[in-house]
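Data block below; observations after.
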Amino acid sequence: MANLDKVLTLERRERRFAQLVALPGMVVLVLLVAGPLLYMLFNSFFANTLAAPIPPRFNWGRNYLNLFDDSRFWNAFFNTMKIMVIGIPIQSVLGLIIALLLNKKFYGSKIVIALFMMPVMITPVVAGFEWKIILDNHFGPLNYILGLFGIQPLAWLSKPTLAMASVLIMDTWQWTPFVAVVLLAGLAAIPRQVYEASSVDGSSSSETLWRVTLPLLKPMFALVVLLRIIFIFKIFDPVQILTGGGPGIATETLSVLTYIMGFKNFDVGMSSAIAVIQLVIITIIAKVFIGTIMKPKEAK
Amino acid sequence: MSAKIALNAEDLDRRKRIRKLFSVLRFLLIFIFLAIFLFPVYWIAIGAFKSEGEFYHYPPIFWPEHFNWGNFGRAMTTFGGTQALVSSLIVAITNTMLVIAFGVLLAYAMGRFNVGGDNLSFFVLSLLFAPPVIAATPLFIIFKTLGMLDTYPALFLSYILINMPFAVWIMKGFFEDIPHGIENAALLDGYSRFAAFRKYVLPLAVPGIAVTALFVFIFSWNEFLFALIFTRSHTQTLPIALASMTGGHQIPWGEISALSLIAITPGIILTLFFQKYLVRGLTFGAVKG
Numbered sequence: 001m002a003n004l005d006k007v008l009t010l011e012r013r014e015r016r017f018a019q020l021v022a023l024p025g026m027v028v029l030v031l032l033v034a035g036p037l038l039y040m041l042f043n044s045f046f047a048n049t050l051a052a053p054i055p056p057r058f059n060w061g062r063n064y065l066n067l068f069d070d071s072r073f074w075n076a077f078f079n080t081m082k083i084m085v086i087g088i089p090i091q092s093v094l095g096l097i098i099a100l101l102l103n104k105k106f107y108g109s110k111i112v113i114a115l116f117m118m119p120v121m122i123t124p125v126v127a128g129f130e131w132k133i134i135l136d137n138h139f140g141p142l143n144y145i146l147g148l149f150g151i152q153p154l155a156w157l158s159k160p161t162l163a164m165a166s167v168l169i170m171d172t173w174q175w176t177p178f179v180a181v182v183l184l185a186g187l188a189a190i191p192r193q194v195y196e197a198s199s200v201d202g203s204s205s206s207e208t209l210w211r212v213t214l215p216l217l218k219p220m221f222a223l224v225v226l227l228r229i230i231f232i233f234k235i236f237d238p239v240q241i242l243t244g245g246g247p248g249i250a251t252e253t254l255s256v257l258t259y260i261m262g263f264k265n266f267d268v269g270m271s272s273a274i275a276v277i278q279l280v281i282i283t284i285i286a287k288v289f290i291g292t293i294m295k296p297k298e299a300k
Numbered sequence: 001m002s003a004k005i006a007l008n009a010e011d012l013d014r015r016k017r018i019r020k021l022f023s024v025l026r027f028l029l030i031f032i033f034l035a036i037f038l039f040p041v042y043w044i045a046i047g048a049f050k051s052e053g054e055f056y057h058y059p060p061i062f063w064p065e066h067f068n069w070g071n072f073g074r075a076m077t078t079f080g081g082t083q084a085l086v087s088s089l090i091v092a093i094t095n096t097m098l099v100i101a102f103g104v105l106l107a108y109a110m111g112r113f114n115v116g117g118d119n120l121s122f123f124v125l126s127l128l129f130a131p132p133v134i135a136a137t138p139l140f141i142i143f144k145t146l147g148m149l150d151t152y153p154a155l156f157l158s159y160i161l162i163n164m165p166f167a168v169w170i171m172k173g174f175f176e177d178i179p180h181g182i183e184n185a186a187l188l189d190g191y192s193r194f195a196a197f198r199k200y201v202l203p204l205a206v207p208g209i210a211v212t213a214l215f216v217f218i219f220s221w222n223e224f225l226f227a228l229i230f231t232r233s234h235t236q237t238l239p240i241a242l243a244s245m246t247g248g249h250q251i252p253w254g255e256i257s258a259l260s261l262i263a264i265t266p267g268i269i270l271t272l273f274f275q276k277y278l279v280r281g282l283t284f285g286a287v288k289g
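Top to bottom, those sequences are chains A and B. Position 189 of the first sequence, counted from 1, bears residue number 189 in the numbering used here, the numbering being contiguous throughout. Position 40 of the second sequence, counted from 1, bears residue number 40 in the numbering used here, the numbering being contiguous throughout.
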């Protein structure tokens, strides 16, 4: 009996210790991170402008209703979707090709992989500038190189569809290496015996790829797609530098529109409403992430 | 089956040649991909050494005749690069220290004692995934009310919002990797919980914490949106200095390239020397490299 008591108090003491230790971080997290987000949620239900010193007025969710009626919101929503629906498959295929090419180790393969990863950690503003220079229709090297193949110079950043293509090219450049390296980690985790078994069965290498490798890579693809969706919701700096959401509103994404609504139009209410919608979507994605990607690993 | 076994020397030779051809093809493709993905970095690096005339030259100049160091000088002085560099360093270093200081213990409590359980994990992960722009207007109003716009503390604090969920999540994973036995042995030796943490767990966690700090430093260093909104002139960081260089009539591409080259250096160092941790960091711990 006394022993059990001792164990219980030990457990309680341990829990108290853990909570005490967690406290400072929790306070910071709640105050600095959750606080502003709650304030934003509150703002989203008020007519509130930064342009004039008028007190905020509760407007019964009118911000949300206006938003769903606003073609500019839907434009930003579908632009964001466009980057996902077109960009992610391209990046997955290119990433897979690169991962397969790099899968067998060779002298210096580590350095080659590191060089491949360079675009990922580059300052996003600089990424925007790099492509602004490369895509420039007068002195940019891309039009020059295309010209060598007899293609007329393209006005990359001033035609709406081409501007969207430019954003996609930039995003693909920056994130394909990331996709490749994650898939490479997935390939490395496939046991050698699996390939050997497949080749003993007399499968050709393309059969092995379709029947063995790709199905085993499925969890990695799921991870990559989910992470890319999250990153594309966040995309702001390089688009802001490259196109500024233009020409017109052709490349405006949800993040860019949230910024413009708040700091160009000074409409805090509308900006907050867009932000809340993004937060809701992201929360659902986080739930999926925990359920599908974090959990199976913990079960192991 | 029998056909497969009856390989003669000629057959083997042919197979060898095919394999060699494939290997050459493979390296050729790797080289082409590498050239494409590194080209933008090369172009900005080479651009830092071009004269203005060379920038607007057609056809574009792929290798300048002589390297022009003047862009760096002008970027650092005329265009305020030095001040921006100092600001960036102050902000990134301070924020990293704050985030790690507040994050380490929380990560330890979550990783070891499962404080807050799944709910806290979900909360941290949601914050980590959320686009920073959604916090821009509330923070702006708060900082404006408190008279904190264009001050360093506004950036120190707002960057906590960006980096704290990341740091906690990643460090939690590193603490989970450390075996429990180490602490238990220390506890049996009569150490208190906290002493066991400080003397035995923390030293083992140092590499993970250092890598996390490096990531946080780069994220702060690269950050653009909050710096754009919360700074005016005194506290402009490098990305803002860069963006504001396009304001004039003629865009000074040479100087922009020079300052860009300085701005991307920390990120490139992280990529080249800490590649092992890069995947783990960027997948938020889902892939342990």
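Ideal placement from N, C-alpha and C gives every residue a C-beta, glycine not left out.
Quick check on this structure: which residue in the options has the alpha carbon closest to the alpha carbon of residue i?
i                      : options                   : result
residue 89 of chain B  : B:251, B:283, B:238       : B:238
residue 41 of chain A  : A:54, A:275, A:97         : A:275
residue 272 of chain A : B:203, B:274, B:135       : B:135
residue 240 of chain A : A:180, A:132, A:205       : A:132
residue 281 of chain A : A:81, A:99, A:100         : A:81
residue 35 of chain A  : B:127, B:92, B:32         : B:127
residue 165 of chain B : B:144, B:178, B:98, B:182 : B:98
residue 180 of chain A : B:180, B:100, B:34        : B:34
residue 38 of chain A  : A:18, A:279, A:184, A:118 : A:279
residue 265 of chain A : A:167, A:227, A:52, A:110 : A:52
residue 91 of chain A  : A:19, A:183, A:206, A:192 : A:183
In whole angstroms, what separates the C-alpha of residue i from that of residue j?
i                      : j                      : result
residue 287 of chain A : residue 14 of chain A  : 29 Å
residue 33 of chain A  : residue 161 of chain B : 5 Å
residue 147 of chain A : residue 276 of chain B : 40 Å
residue 108 of chain B : residue 94 of chain B  : 22 Å
residue 114 of chain B : residue 172 of chain B : 10 Å
residue 272 of chain B : residue 114 of chain A : 5 Å
residue 11 of chain A  : residue 112 of chain B : 13 Å
residue 252 of chain A : residue 244 of chain A : 8 Å
residue 65 of chain B  : residue 57 of chain B  : 13 Å
residue 1 of chain B   : residue 187 of chain A : With a pLDDT of 46 at residue 1 of chain B, under the threshold of 50, the modelled position of that residue is not reliable, and no figure is offered here.
residue 298 of chain A : residue 291 of chain A : Bear in mind that a pLDDT of 48 at residue 298 of chain A, under 50, signals an unreliable position, so the number given afterwards is only what the model happens to contain. Spanning the two alpha carbons is a distance of roughly 11 Å.
residue 216 of chain B : residue 170 of chain B : 11 Å
residue 116 of chain B : residue 30 of chain A  : 13 Å
residue 67 of chain A  : residue 73 of chain A  : 6 Å
residue 240 of chain B : residue 231 of chain A : 21 Å
residue 117 of chain A : residue 123 of chain B : 30 Å
residue 49 of chain A  : residue 105 of chain A : 58 Å
residue 3 of chain B   : residue 167 of chain B : For residue 3 of chain B, the pLDDT reaches just 49, beneath the cut-off of 50, and the residue's location in the model is therefore unreliable, leaving the point undetermined.
residue 302 of chain A : residue 144 of chain B : Past the boundaries of the shown model lies residue 302 of chain A; chain A is included only from 1 to 300, so the question cannot be answered.
residue 284 of chain B : residue 136 of chain A : 35 Å
residue 120 of chain B : residue 105 of chain B : 14 Å
Counting only beta-carbon atoms, is residue i nearer than 8 Å to chain C?
i                      : result
residue 152 of chain B : The question asks about chain C, but that chain is absent: this structure's protein chains are A and B.
Based on the DSSP output, what are the partners of residue i in its beta bridges?
i                      : result
residue 145 of chain B : Residue 145 of chain B is not bridged to any residue.
residue 49 of chain A  : A:267
residue 57 of chain A  : A:47
Is any heavy atom in the ligand HEM found nearer than 7 Å to the beta carbon of residue i?
i                      : result
residue 256 of chain A : As far as ligands go, the structure on display features none, and thus does not contain the ligand HEM.
Inset, instruction - Take every Cβ of the stretch 214 to 225 of chain A, pair it with every Cβ of the stretch 124 to 136 of chain A, and state whether three or more of those distances are shorter than 8 Å. - result: The answer is no - the stretch 124 to 136 of chain A does not touch the stretch 214 to 225 of chain A, with fewer than three Cβ pairs under 8 Å.
Legend entry - Segments assigned alpha helix (DSSP H), at least 4 residues, entirely inside the stretch 95 to 182 of chain B: 117 to 129, 136 to 145, 152 to 177
Legend entry - Sufficient close CB pairs (3 or more, under 8 Å) joining the stretch 209 to 225 of chain B to the stretch 111 to 127 of chain A: By the C-beta criterion, the stretch 209 to 225 of chain B is judged to be in contact with the stretch 111 to 127 of chain A, since at least 3 inter-stretch pairs fall below 8 Å.
Inset, instruction - Only counting runs of 3 or more residues, tell me where the beta strand (DSSP E) segments fall wholly within the stretch 222 to 251 of chain A, in order along the chain. - result: none
Inset, instruction - Would you be able to state if there are at least three C-beta pairs under 8 Å between the stretch 127 to 140 of chain B and the stretch 52 to 69 of chain B? - result: no
Inset, instruction - Pick out the complete alpha helix (DSSP H) segments inside the stretch 156 to 219 of chain A, 4 residues or longer, and give them in chain order. - result: 160 to 188, 192 to 200, 205 to 208
Inset, instruction - Assess, as a yes-or-no matter, whether the stretch 32 to 48 of chain A is touched by the stretch 57 to 67 of chain A under the definition of 3 or more beta carbon pairs within less than 8 Å. - result: yes
Inset, instruction - Taking 8 Å as the threshold, find out whether the stretch 70 to 87 of chain A comes into contact with the stretch 168 to 176 of chain A through three or more Cβ pairs. - result: yes
Inset, instruction - Evaluate contact between the stretch 176 to 192 of chain A and the stretch 160 to 167 of chain A, counting only Cβ atoms and requiring at least three cross-stretch pairs below 8 Å. - result: No, the stretch 176 to 192 of chain A does not touch the stretch 160 to 167 of chain A.
Legend entry - Any 3 or more C-beta pairs closer than 8 Å across the stretch 251 to 265 of chain A and the stretch 200 to 210 of chain A: no
Inset, instruction - Kindly confirm or deny that the stretch 149 to 164 of chain B and the stretch 227 to 237 of chain B touch, where touching means at least three C-beta pairs closer than 8 Å. - result: yes
Legend entry - Cβ contact (3+ pairs, closer than 8 Å) linking the stretch 121 to 137 of chain B and the stretch 255 to 272 of chain B: no
Inset, instruction - May I have a chain-ordered list of the alpha helix (DSSP H) segments no shorter than 4 residues that lie completely inside the stretch 112 to 155 of chain A? - result: 118 to 121, 124 to 134, 141 to 148
Legend entry - Touch test, the stretch 92 to 104 of chain A against the stretch 242 to 255 of chain B, Cβ-Cβ under 8 Å, three pairs minimum: Segments in contact, no.
Inset, instruction - Kindly provide the ranges of any alpha helix (DSSP H) runs that are 4 or more residues long and lie completely inside the stretch 18 to 100 of chain B, ordered along the chain. - result: 52 to 55, 70 to 76
Legend entry - Contact the stretch 34 to 45 of chain B vs the stretch 12 to 22 of chain B: 3+ CB pairs below 8 Å: no
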